[in-house]
Structures are given as structure tokens and as C-alpha cells.
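What follows is a set of notes on a single structure, which appears directly below.
In our numbering, the protein residues as written are 2 to 128.
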């Protein structure tokens with residue numbers, strides 16, 4: 002009776018957790034491949050020990066993942082309607098910023114050139 006019902010509830014909860022974890026992994030992996038941090042890690046691994054760069058990158062991504070999860074948990078406490086307005090405003094602001102950045106970009110460089118330039122400014126690679 003009750004034990005079997007509780008067992009099914011626990012099993013359903015575990016299945017839901019796996020679905021959420023799988024979905025998060027797929028979304029994050031698809032978003033991270035090809036972004037600026039991906040190229041920065043490549044450039045750093047060319048200059049420094051690959052294992053050091055790997056572990057530093059993993060640590061940095063872990064910090065970002067934990068902070069994002071905590072932030073998401075806090076946001077879930079906000080009124081849903083207010084959250085929709087905040088999200089709409091945020092998308093609008095970032096959309097305007099991206100259009101502005103697009104107009105300001107030069108035609109001679111891409112993501113790799115931008116990443117290398119930032120590393121040169123930080124003194125992490127030679128000019």
C-alpha cells in the first residue's frame with residue numbers, strides 16, 4: 002500500500018531529476034561549444050600546460066554553474082507576472098546591446114581574433 006506508493010513517488014522524482022539533468026547538460030553543451038570562453042581555453046592551452054588549463058576551466062565553469070543554479074532558485078521565489086516583465090525588459094536591453102555591438106564590429110575579425118586580443122591586453126599571450 003503506502004510503501005509501494007512512496008516507492009513509485011521516489012522513482013518518479015528520480016526520473017524527473019535525470020530528465021532535468023540531461024536537459025541541462027544538452028543545453029549548456031550546445032551553448033558553450035564555439036563561444037568565446039571555448040576559444041580562450043584553446044589559446045590558453047596552446048601557451049600553458051593543458052591540464053592546468055583544463056582544471057582551471059572546469060573550476061571556473063563549476064563556479065558559474067553553481068551561481069547560476071542558486072540565482073535560478075532565488076528567482077523562482079519572485080512573482081511569475083513580475084518575472085515575465087523583468088525577463089521581457091532584460092531581453093530587450095540585451096537585444097539592443099547586441100544590435101549596437103553588431104554595428105560597432107569591424108569586418109576584419111571574428112571570435113578568435115577578439116579572444117586573442119583580450120588575452121594580449123591581459124598579458125596572457127605575446128603580441
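Built from N, CA and C at the ideal position, the CB exists for glycine as well.
Every value quoted in this text rests on a predicted model; they were computed, and no experiment measured them.
What are the boundary residues of the alpha helix (DSSP H) that residue 70 is part of?
Its alpha helix (DSSP H) spans residues 51-76.
Just the Cα atoms here: how many angstroms apart are residue 40 and residue 62?
So the two alpha carbons sit approximately 14 Å from each other.
Ignore the nearest five residues each way along the sequence and tell me which others in residue 35's own chain have a CB closer than 8 Å to its CB.
Hits under 8 Å: 112.
Can you tell me whether residue 116 is buried or exposed? The criterion is at least 16 other CB atoms within 10 Å of its CB, across all chains shown.
With 16 or more Cβ atoms within 10 Å of its Cβ, residue 116 is classed as buried.
Out of curiosity, what's the CA-to-CA distance linking residue 67 and residue 97?
Straight-line Cα distance between these residues: approximately 28 Å.
Alpha carbon to alpha carbon, how far is residue 105 from residue 95?
Rounded to the nearest angstrom, the two C-alpha atoms are 15 Å apart.
In the DSSP assignment, the alpha helix (DSSP H) including residue 37 goes from what residue to what residue?
Counting along the chain, the alpha helix (DSSP H) containing residue 37 begins and ends at 37-48.
Going straight from the alpha carbon of residue 119 to that of residue 12, what length do you get?
Cα to Cα, residue 119 sits roughly 48 Å from residue 12.
Going by C-alpha distance, which of 22, 45 and 84 is nearest residue 121?
Nearest option by C-alpha distance: 45.
Let me know if residue 88 comes out buried or exposed under the rule of 16 or more other beta-carbons within 10 Å of its beta-carbon.
Its Cβ having fewer than 16 others within 10 Å, residue 88 is exposed.
Where does the unbroken alpha helix (DSSP H) through residue 87 begin, and where does it stop?
First-last of the alpha helix (DSSP H) with residue 87: 81-105.
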